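One structure is given below, encoded as structure tokens.
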Amino acid sequence: MAASTLAFGHPKTLAAAASAAGAKTLPTSSSVSFPATQQPACLLSSSSASGARRRDVAAMVSAPPAVGTAMPSLDFDTSVFNKEKVSLAGHEEYIVRGGRNLFPLLPEAFKGVKQIGVIGWGSQGPAQAQNLRDSLAEAKSDIVVKIGLRKGSKSFEEARAAGFTEESGTLGDIWETVSGSDLVLLLISDAAQADNYEKIFSHMKPNSILGLSHGFLLGHLQSLGLDFPKNISVIAVCPKGMGPSVRRLYVQGKEVNGAGINSSFAVHQDVDGRATDVALAWSVALGSPFTFATTLEQEYKSDIFGERGILLGAVHGIVEALFRRYTEQGMDEESAYKNTVEGITGIISKTISKKGMLEVYNSLSEEGKKEFNKAYSASFYPCMDILYECYEDVASGSEIRSVVLAGRRFYEKEGLPAFPMGNIDQTRMWKVGEKVRSTRPEGDLGPLHAFTAGVYIALMMAQIEILRKKGHSYSEIINESVIESVDSLNPFMHARGVAFMVDNCSTTARLGSRKWAPRFDYILTQQAFVTVDKDAPINQDLISNFLSDPVHGAIEVCAELRPTVDISVPANADFVRPELRQSS
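Here is the structure:
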């Protein structure tokens, strides 16, 4: 279906049109059936609902994960870059290593691209635009990187401050930029994509390339029974970290042959055979240390899920629950903050980043290991319970619809007031954090608290297991559950608290974190901690499975591909959202 002939209207009309064009239409509610133990909670009695979910969850980890678990084969061909084979927990995958030494290959890989339009100036837009511009300049390419913004946008001043101007032809109106670009990087918010995709498609040139850094739009189109126009290529390069991290590590790595954030890439649609090399060039130009393959559908499922899980929402819920528990047990507030936030974002994250989860466990004393085991055993299933629900909400489209609707509530409508996102760092705990940081010695990574480590790693392993059972590749699992967390996101919470981490991310991530963090806080408080306080027996099978899990070996391989430098997040960081630049 050509971009200029797309039909738009009521969802039923859209679904019918898409079906006629060969697009997959989702089943109606009347055609969906559930096995007895997978009935939605609303169809089960209150007593059977929790039991059924717990049986489903328990079945996921009733035995150690098999090395041979079926995972997707994501091979690809490139005529420009060197493809390498890696083995992760017995599964072969293919990657492309990055580095500034590859920049001379960019003009060849971007063949046919004269202008790259970067649409939007949110979390990813500023970072990607500047990295692309700088990399192409180093490659002596004449490709223009142009920012496209809606008329009247306050972001024009920010873009000008970053060196993009109307006079140089590198800054302009969104629709003019889309129409004039050979590669359109659509980096506006997901909700804005959902509301404006038809106009964007209609302005794109035939045989141009649509570039996404998130698969959200595919999920939205699928929910309407639609697909992308057939006369454009559709690719994705998805950095496994917030935009400020993408830029910060790129700048830090200029003298050490590059550093940045690992990225996944996907080719959803290729009309002329150029899509793979263009996607890889985009990733290399961003500074990705390594790029791994995925599909657009797998990306949005793992990414939206991960943001609500350990990357943002769950870690927020965990530290709130633990801080409250420790203070109620008599620990002073500053010590409680240090033993939760400081420890997780400091010594625990640093250890996992460099040596893996097992090193955290092995560095504990014998008494510490017992405390870890209690926390891990009690927290694993409650965390998995919420994660399982979250993944299925994402996969079913429910979470995507929630994001779109939330975006529309940012503005007054139907006689009701606007409800923008509120603050998440004004409670007593986070004020204590400001005091702790104000006296923190340079380089202090906080204490390694065994109980905190047990809860946090139980969450990490539960998320890994959900993604593994849902068929995601190990490279995607590890990046979405481990690397992005400890290398990209947690350093921001360590620097200036939870809002500095969450609110430097995309609107979709910020919304999801606020929605799901209380769920993890609640279930840990009501189930996990109660289990510990009752002196319930430790589930030794869970501990044994953790210690022998093949993911540890896969993490070791991925650790060898980590950025060449550790991210530095100064208190007066100038590479973050303008409203977050005041240190605290």
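Position 478, counted from 1, in the sequence shown is what the UniProt record's numbering calls 478; the numbers after and before it change by one each time, with no gaps. The C-beta atom is built at its ideal place from N, Cα and C for all residues, glycine as well. Just so it is clear, the structure is predicted and the values come from calculations on it, not from any experiment.
From N479, I483, S473, A536, residue whose alpha carbon lies closest to that of L74:
Position 74 of the sequence shown, counted from the start, is the residue given in the question as residue 74. For the residues N479, I483, S473, A536, the minimum Cα distance to L74 belongs to S473.
On a Cα-Cα basis, can you pick out the residue from L224, T276, T295, E442 that is closest to H214?
As a working note, residue 214 is residue 214 in the sequence shown. The option with the nearest alpha carbon to H214 is T295.
Determine whether the beta carbon atoms of N339 and P447 lie at a separation below 7 Å.
Residue 339 sits at position 339 when you count from the first residue of the sequence shown. Residue 447 sits at position 447 when you count from the first residue of the sequence shown. Yes, these two residues count as a Cβ contact at 7 Å.
Beta-carbon proximity of L311 to S485, cut-off 7 Å
Taking the sequence shown and counting its residues from 1, the one referred to as residue 311 is at position 311. Taking the sequence shown and counting its residues from 1, the one referred to as residue 485 is at position 485. In this structure, S485 lies closer than 7 Å to L311 by Cβ.
Can you find at least 3 beta carbon pairs, one from the segment 264-275 and one from the segment 427-447, that sit closer than 8 Å?
no
Quick one: what's got a C-beta closer than 6 Å to F451's C-beta in the same chain, skipping five residues either side?
Position 451 of the sequence shown holds residue 451. The residues are E371, A375.
With a 10 Å radius around its C-beta and 16 neighbouring C-beta atoms as the bar for buried, classify R428 as buried or exposed.
On the sequence shown, position 428 is the one that residue 428 refers to. So R428 counts as exposed.
Relative to the C-alpha of G343, which residue among I457, V145, D425 is closest?
Numbered from its first residue, the sequence shown carries residue 343 at position 343. Minimum Cα distance to G343 is reached at I457.
Exposure of F419, with buried meaning 16 or more beta-carbon neighbours within 10 Å:
In the sequence shown, counting from the first residue as 1, residue 419 sits at position 419. The residue in question, F419, is exposed, as its Cβ has fewer than 16 Cβ neighbours within 10 Å.
Is the distance from the Cβ of A191 to the Cβ of V404 below 7 Å?
Here residue 191 refers to the residue found at position 191 of the sequence shown. Here residue 404 refers to the residue found at position 404 of the sequence shown. Yes; because the gap between Cβ atoms is below 7 Å, this pair is in contact.
Where does the unbroken beta strand (DSSP E) through Q269 begin, and where does it stop?
Locating residue 269 in the sequence shown gives position 269, where the first residue counts as 1. Where Q269 is concerned, the enclosing beta strand (DSSP E) stretches over 263-269.
How would you call E104, buried or exposed, if buried means at least 16 neighbouring beta carbons within 10 angstroms?
Here residue 104 refers to the residue found at position 104 of the sequence shown. Per the sequence shown, residue 104 should be read as Pro rather than Glu. Counting Cβ neighbours within 10 Å, P104 comes out exposed, since fewer than 16 surround it.
Cβ of F520 within 7 Å of Cβ of I386?
On the sequence shown, position 520 is the one that residue 520 refers to. On the sequence shown, position 386 is the one that residue 386 refers to. Yes, Cβ-Cβ distance for F520 and I386 is below 7 Å.
M242 to S263 span [Cα, whole Å]
Start at 1 with the first residue of the sequence shown, and residue 242 comes out as number 242. Start at 1 with the first residue of the sequence shown, and residue 263 comes out as number 263. Answer to the nearest angstrom: the Cα atoms are 11 Å apart.
Identify every residue that forms a DSSP beta bridge with I119.
Counting from one through the sequence shown, the residue named residue 119 turns up at place 119. In the DSSP output, where bridge partners are listed per residue, I119 has G148, L186.
Cα separation between K151 and E93?
Within the sequence shown, numbered from 1, the residue matching residue 151 stands at position 151. Within the sequence shown, numbered from 1, the residue matching residue 93 stands at position 93. Each residue's alpha carbon lies about 44 Å from the other.
Assuming L286 contacts V246 (C-beta within less than 8 Å), just tell me the rounded distance between them.
Counted from its first residue, the sequence shown places residue 286 at position 286. Counted from its first residue, the sequence shown places residue 246 at position 246. Yes, they are in contact, since the Cβ atoms of L286 and V246 sit about 6 Å apart, within 8 Å.
Would you call the segment 350-367 and the segment 548-557 touching, i.e. three or more CB-CB distances under 8 Å?
yes
Hey, could you find the ends of the alpha helix (DSSP H) H494 is sitting in?
Taking the first residue of the sequence shown as position 1, residue 494 is located at position 494. Residues 490-496.
Once DSSP output is grouped into helix, strand and coil, what is the label at T439?
Reading the sequence shown from its first residue, position 439 is the one you call residue 439. Three-state DSSP puts T439 in coil, outside helix and strand.
Suppose contacts are defined by Cβ-Cβ distances below 7 Å. Is V530 in contact with I318 by that definition?
As a position in the sequence shown, residue 530 is number 530, starting the count at 1. As a position in the sequence shown, residue 318 is number 318, starting the count at 1. No, Cβ-Cβ distance for V530 and I318 is not below 7 Å.
DSSP three-state label for A293, please.
Counting from 1 along the sequence shown, the entry for residue 293 is found at position 293. Note: A293 maps to strand in three-state DSSP.
Work out the CA separation of P550 and K301 for me, nearest whole Å.
Numbered from its first residue, the sequence shown carries residue 301 at position 301. Numbered from its first residue, the sequence shown carries residue 550 at position 550. Going from the Cα of K301 to the Cα of P550 covers about 23 Å.
Can you look up I174 in the DSSP assignment and give me helix, strand or coil?
The count along the sequence shown starts at 1 and reaches residue 174 at position 174. DSSP places I174 in helix when its eight states are reduced to three.
So who's on the other strand from R408, going by DSSP bridges?
Indexing the sequence shown from 1 puts residue 408 at position 408. Answer is none; R408 lacks a bridge partner.
When the Cα atoms are used, what is the spatial distance from G346 to K435?
Within the sequence shown, residue 346 is the residue found at index 346, counting from 1. Within the sequence shown, residue 435 is the residue found at index 435, counting from 1. Straight-line Cα distance between these residues: approximately 17 Å.
Determine which residues share a DSSP beta bridge with P239 and list them.
Residue mapping note: residue 239 aligns to position 239 of the sequence shown, counting from 1. For P239, which the question treats as bridged, DSSP gives the partners S263.
Outcome for E299 when other beta-carbon atoms lying within 10 angstroms are tallied against a minimum of 16:
Locating residue 299 in the sequence shown gives position 299, where the first residue counts as 1. Buried is the call here.
Indicate the three-state DSSP secondary structure (helix, strand or coil) for G211 in the structure shown.
As a working mapping, residue 211 is identified with position 211 in the sequence shown. Here G211 sits in strand by DSSP.
Mind checking Q329: buried by the 16 CB within 10 Å criterion, or exposed?
By one-based count along the sequence shown, residue 329 stands at place 329. Under this definition Q329 is an exposed residue.
Same chain, Cβ closer than 6 Å to T507, five either side skipped, listed in chain order:
Here residue 507 refers to the residue found at position 507 when the sequence shown is read from its first residue. So the qualifying residues of the chain are S189.
Nearest to S181 (by Cα), restricted to the options G260, E84, F201:
Working through the sequence shown from its first residue, we reach residue 181 at position 181. Of G260, E84, F201, the residue nearest in Cα terms is F201.
Test item: CB-CB of I348 and A453 under 7 Å
Residue numbering aside, residue 348 sits at position 348 when the sequence shown is read from its first letter. Residue numbering aside, residue 453 sits at position 453 when the sequence shown is read from its first letter. Result yes, Cβ atoms of I348 and A453 sit closer than 7 Å.
So, helix, strand or coil for I143, using DSSP?
Counting from 1 along the sequence shown, the entry for residue 143 is found at position 143. Three-state result, I143: coil.
Where the alpha helix (DSSP H) through V284 begins and ends
For the purposes of this step, residue 284 is identified with residue 284 of the sequence shown, where counting begins at 1. That run of the alpha helix (DSSP H) goes 275-286.
I believe G512 touches G313 by the beta-carbon criterion, under 8 Å. Please report the beta-carbon distance rounded to the nearest angstrom.
Translated into the one-based positions of the sequence shown, residue 512 becomes position 512. Translated into the one-based positions of the sequence shown, residue 313 becomes position 313. Sure, about 6 Å apart at Cβ, within 8 Å.
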